[in-house]
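Written below as structure tokens is the structure these notes are about.
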Amino acid sequence: MTDGLHAATRDELHGLPVEVAPRLLDGLLTTTIDGDEVVVRLTEVEAYHGLGTGDVHDAGSHARMGRTARNATMWGEPGHLYVYLSHGIHSCVNVVCGPEGEAGGVLLRAGEIVQGADVARRRREERGIARTDRDLARGPGRLGDAVGLRYPVHDGIDAVTGELQAGATARLQLRDHPIGFVSGPRVGVAGLAGTSAFPWRFWIPGDPTVSAFRPGRGAVEPR
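Each residue of the sequence shown is one higher than the one before, starting from -15 at the first, in the numbering used here.
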């Protein structure tokens, strides 16, 4: 399962999110929580820039208005995981990237559970929702549930060193050689930031675990 993979380094995650995001595809995120290990192969990701990061203002980013208590992890060292609560229900997982102090991250939108499917399924069932294996991590909320990382206790966990935090460890592995991918608008992002002006969603073509696209509110394509 780990052939052609290596442990991610901070240097590899130091670039702009839009540069780092496709490098995460087909990589692995491994979490171990209270002895339960789950491994997800990443098949879909989205890049989000910080305030002043890159050449274009990203109105879809949590960091668009500056640093807050909620998004503080985005401004930290690359390789930590920014875990936030979506709609008051789901914990979503992002890999922090870019230079420390600038803010940026890559949302892990979807993946295939390649180890620990029984654990992932149990976590989904605890929420009253049982999915097929294909759907266990198909979408950012499901992925967060499947790997077991929860906001706020696991926000900031280090996926480079694998240091223990709140009973959990996380480790990120990347492919030795990047794989082919396609890109397009981000899912459910409002306004211009959710159009083809920001083709910052990256996925493995033809992979059945990739989530369905839906436009965000007011995401009208520029003329």
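Using N, Cα and C, we set each Cβ at its ideal position, and we do this for glycine too.
| In terms of DSSP beta bridges, what is Ser75 paired with? | Counting from one through the sequence shown, the residue named residue 75 turns up at place 91. Looking at the DSSP assignment, Ser75 forms a beta bridge with Leu69.
| Run through DSSP, which three-state label would Glu205 get? | One-based indexing of the sequence shown puts residue 205 at position 221. In this structure, Glu205 counts as coil in the three-state DSSP scheme.
| Gly112, DSSP secondary structure in three states | Translated into the one-based positions of the sequence shown, residue 112 becomes position 128. In the structure shown, Gly112 sits in coil (DSSP, three-state: anything other than H, G, I, E or B).
| Is the CB-CB distance between Ala121 and Gly95 below 8 Å? | Residue numbering aside, residue 121 sits at position 137 when the sequence shown is read from its first letter. Residue numbering aside, residue 95 sits at position 111 when the sequence shown is read from its first letter. The answer is yes: Cβ separation under 8 Å.
| Residue closest to Asp(-13), alpha-carbon to alpha-carbon, out of Asp10, Val4, Leu0 | For the purposes of this step, residue -13 is taken as residue 3 along the sequence shown, with counting starting at 1. If we check each option's Cα against that of Asp(-13), Asp10 comes out closest.
| request: Could you name the residues of the same chain whose beta carbon sits closer than 7 Å to that of Arg241, not counting the 5 residues immediately before and after it, in chain order? | output: Nothing can be reported for residue 241: it is not among the residues displayed for the chain, which extend from -15 to 207.
| request: Answer with buried or exposed for Ala196, where buried requires no fewer than 16 other C-beta atoms within 10 angstroms of its C-beta. | output: Stepping through the sequence shown from its first residue, residue 196 is reached at position 212. A residue is called buried once 16 or more other Cβ atoms fall within 10 Å of its Cβ, and Ala196, having fewer, is exposed.
| task | Have a look at Gly132 and Ala31 and give me their C-alpha separation to the nearest angstrom. | result | For the purposes of this step, residue 132 is identified with residue 148 of the sequence shown, where counting begins at 1. For the purposes of this step, residue 31 is identified with residue 47 of the sequence shown, where counting begins at 1. Approximately 22 Å between the Cα atoms of the pair.
| task | Return the chain-ordered ranges of every alpha helix (DSSP H) run that is complete within the stretch 78 to 156 and spans a minimum of 4 residues. | result | 101 to 110, 124 to 131
| Sorted by chain position, which residues of the same chain lie with C-beta nearer than 8 Å to Val108's C-beta, five sequence neighbours on each side aside? | Locating residue 108 in the sequence shown gives position 124, where the first residue counts as 1. Correcting the residue type first, residue 108 is Arg in the shown sequence and not Val. The residues are Ala114, Arg115, Leu120, Arg126, Asp129, Ala130.
| query | Pick from Gly19, Val24, Glu28: whose alpha carbon is nearest that of Arg7? | reply | Here residue 7 refers to the residue found at position 23 of the sequence shown. When only C-alpha atoms are compared, the closest one is Glu28.
| query | Touch check for the stretch 136 to 144 and the stretch 65 to 74: three-plus C-beta pairs under 8 Å? | reply | yes
| field | Nonlocal neighbours in the same chain, by C-beta distance under 6 Å from Val2, ignoring five residues either side | value | Within the sequence shown, the letter at position 18 stands for residue 2. Excluding sequence neighbours, Val2 sits near Ala31, Trp184.
| Presumed contact (8 Å Cβ cut-off) between Phe182 and Phe165, rounded CB distance | As a working note, residue 182 is residue 198 in the sequence shown. As a working note, residue 165 is residue 181 in the sequence shown. At roughly 16 Å, the Cβ-Cβ gap does not stay under 8 Å, so Phe182 and Phe165 are not in contact.
| Taking the alpha-carbon positions, what's the Glu272 to Val171 distance? | Any question about residue 272 goes unanswered here, given that the chain covers just -15 to 207.
| request: Ignore the nearest five residues each way along the sequence and tell me which others in Ser45's own chain have a CB closer than 6 Å to its CB. | output: Counting from one through the sequence shown, the residue named residue 45 turns up at place 61. Tyr32, His33.
| Should Leu148 be labelled buried (16 or more other beta-carbon atoms within 10 Å of its own) or exposed? | Along the sequence shown, read from residue 1 onward, the residue named residue 148 stands at position 164. With a 10 Å radius around the Cβ and a threshold of 16 neighbouring Cβ atoms, Leu148 comes out exposed.
| query | With 16 as the cutoff for other CB atoms within 10 Å, does Arg111 come out buried or exposed? | reply | On the sequence shown, position 127 is the one that residue 111 refers to. So Arg111 ends up on the exposed side.
| How should Val80 be labelled, buried or exposed, when 16 other C-beta atoms within 10 angstroms of its C-beta is the threshold for buried? | Walking along the sequence shown from the start, residue 80 turns up at place 96. Buried: at least 16 other Cβ atoms inside 10 Å.
| field | Of the residues Arg155, Gly123, Pro189, the one placed nearest Thr(-7), counting alpha carbons only | value | Taking the sequence shown and counting its residues from 1, the one referred to as residue -7 is at position 9. It is Arg155.
| query | Could you give the residue range of the beta strand (DSSP E) that holds Val22? | reply | Residue mapping note: residue 22 aligns to position 38 of the sequence shown, counting from 1. Run containing Val22: 20 to 33, per the beta strand (DSSP E) assignment.
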